[in-house]
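A short worksheet on the structure shown next.
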Amino acid sequence: MSIFLSCGEASGDNLLSSLALSLREQGYHGPLWGMGGPSSQAAGVECLWPSSELHIMGITQALKALPRLNGLADRICDEIIRRKPSKVVVADSPDFHIPLVRRLRRRGYGGKTIFLSPPTVWAWRKGRVVPLRELFDLCLPLFGFEDRYLRSYGVTSSWIGHPMVDSFGPPSPPPGDGVVALLPGSRKSEVSSLLPVLLDLSRGLKKAGLRPVFSVAPSFHGAFRDDLLKKLQGQKVFTGDALDLIERSDLVVGASGTVAVEAMMARRFMVVLYRSGALEWFVYRNFIKLPYISIPNVMTGRSLFPERLQDRCNPSAIWGDIRSFMASKCRRERVYRGLDLARSKMGSPGAKVFWAKSVIEL
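For reference, each letter of the sequence shown is one residue, going 2 to 363 in this note's numbering.
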């Protein structure tokens, strides 16, 4: 029997590739197929659809793409019903994957369903715990506080730790050569909104004697990548894994998301950025009541990483955060203690093996 895998984000692609490799290591030799990105493909997943199909940020874009996404969901459902995989594993993109699994159930799919990295129902749209409880046989969250929250609402959930625990040893100290990693994001919409801010910031960083380096996500291809590199002419550019750049840097400035967790694990100070359209910002302001958006801040209940959102996401404010951190030894020590606390909450090693065994044994 085969296993269907699906993701829509670069972070989900990395998770699925880790799962695919662990499934092989744990003795599963059946077909792995579905929707994925370069990492999933490299791990041996037969990707019938590219995960870039779901590279959408914000409500406005999602509404425009709705007819196309409905057609994609129909084609995926048809293929799942035809191939009859024993397991369906989805990661991220809940607004696509929850309706997809609901369609499958309505069409009589009787296999097991697993949500790897389920949606942040603890932050907003808490009603999504209902489909997680009713449609999915198992959820595999990334963080312990998510696991506890899901269990409290009757969702079948399991967790032993975050996969990054396996990838990080004791963090190395910042190199001290003034490199500032600038990460505009892995989504095209993020890059479009954040790149002008970061380009402006880079000029100020250079004047201050720092060395800004821009990260270009490996998932970008074709005309978009060419246009991005053209805009970055004259800048120092890094096209490899963002984590490699983070570890080579003294400071990080970038889009909110997985990179904040990577910066935390690498023990690097970060300024977290978020900019969206007016409608998305209205939804955020009115429906998300958390004081923080970045996971390290959420985990500790502290403002370890400054968060620059919407109008406050500007070069002057970001430079102020960097200058304040660099100027105060007391603040640096306080941030590093907080990062150590957050790292201690990441659980035990072996998450990828745990996922594979959970999928196989379900």
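In this text, a Cβ means the ideal position worked out from N, Cα and C, and glycines have one as well.
Selection GLU26, GLY186, GLN234 and VAL253 evaluated against GLY45 yields GLU26 as nearest (Cα-Cα).
With a threshold of 16 other beta carbon atoms within 10 Å, LYS231 falls short and is exposed. Bridge partners of GLU308 according to DSSP: VAL273. Taking C-alpha positions only, TYR293 is separated from THR301 by approximately 10 Å. Using a 10 angstroms sphere on the CB of ALA328, the tally of other CB atoms stays under 16, which defines it as exposed. When the beta-carbon positions are compared, ALA92 and SER53 stay at least 7 Å from each other.
For SER18, the secondary structure class from DSSP, reduced to helix, strand or coil, is helix. Around the CB of LEU67, fewer than 16 other CB atoms lie within 10 Å, so the residue is classed as exposed.
For the options GLY348, ILE296 and MET265, the alpha carbon positioned closest to that of ARG338 is the one of MET265. With respect to the C-alpha of LEU136, the residue from SER19, LYS353, PHE97 and ARG106 having the closest C-alpha is ARG106. Inter-residue distance for SER220 and ARG226 is about 9 Å (C-alpha atoms, whole angstroms). The stretch 347-357 makes no contact with the stretch 122-133, as fewer than three CB pairs between them are under 8 Å.
At least 7 Å separates the beta-carbon of SER18 from that of ALA357. Under the three-state reduction of DSSP, LEU101 is assigned to helix. Here DSSP, grouped into helix, strand and coil, assigns PRO39 to helix. With fewer than 16 neighbouring CB atoms inside 10 Å of its own CB, THR240 falls in the exposed class. Rounded to the nearest angstrom, the gap between the Cα atoms of HIS222 and SER153 is 42 Å. A direct Cα-to-Cα measurement between TRP160 and VAL354 gives close to 12 Å. Sorting LEU211, SER12, MET2 and ASP96 by C-alpha distance to the C-alpha of ALA182 places LEU211 at the top. Taking a C-beta distance under 7 Å as the contact criterion, LEU195 and ALA256 qualify as a contact pair.
Assignment of THR114 by DSSP, reduced to helix, strand and coil, places it in the strand class. As summarised for the stretch 117-165, the continuous beta strand (DSSP E) elements at least 3 residues long and confined to that stretch are 139-141, given in chain order. Within the stretch 49-93, the alpha helix (DSSP H) runs of at least 4 residues that lie entirely inside it are, in chain order, 60-84. By the CB criterion at 7 Å, THR114 and VAL102 fall inside the cutoff. Taking GLU248 as the centre and dropping the five residues before and after it, the same chain places the C-beta of ALA267 closer than 6 Å to its C-beta, in chain order.
Fully enclosed beta strand (DSSP E) runs of no fewer than 3 residues occupy 180-184 and 212-216 of the stretch 152-229, in order along the chain. In the displayed model, ALA256 falls within a strand according to three-state DSSP. Of the residues SER12, TYR29 and ASP79, the one whose Cα lies closest to the Cα of GLY35 is ASP79. Counting along the chain, ILE4 sits inside the beta strand (DSSP E) bounded by residues 4-8. Cβ contact annotation for SER295 (same chain, cutoff 7 Å, sequence separation greater than five): SER257, ALA261, VAL273, PHE306 and GLU308, in chain order. At a Cβ-Cβ threshold of 7 Å, LEU244 and TYR275 do not count as neighbours. About 6 Å separates the Cβ atoms of LEU6 and LEU33, confirming a contact at the 8 Å cut-off. Around the C-beta of CYS314, 16 or more other C-beta atoms lie within 10 Å, and the residue is accordingly described as buried. Per DSSP, VAL299 is one residue of the alpha helix (DSSP H) stretching across 296-301. In this structure, the straight-line span from the alpha carbon of GLU47 to that of LYS330 is close to 51 Å. Scanning its chain for C-beta atoms nearer than 7 Å, with the 5 sequence neighbours on each side dropped, one finds around ILE319 the residues LEU202, VAL254, VAL272 and ARG309, in chain order.
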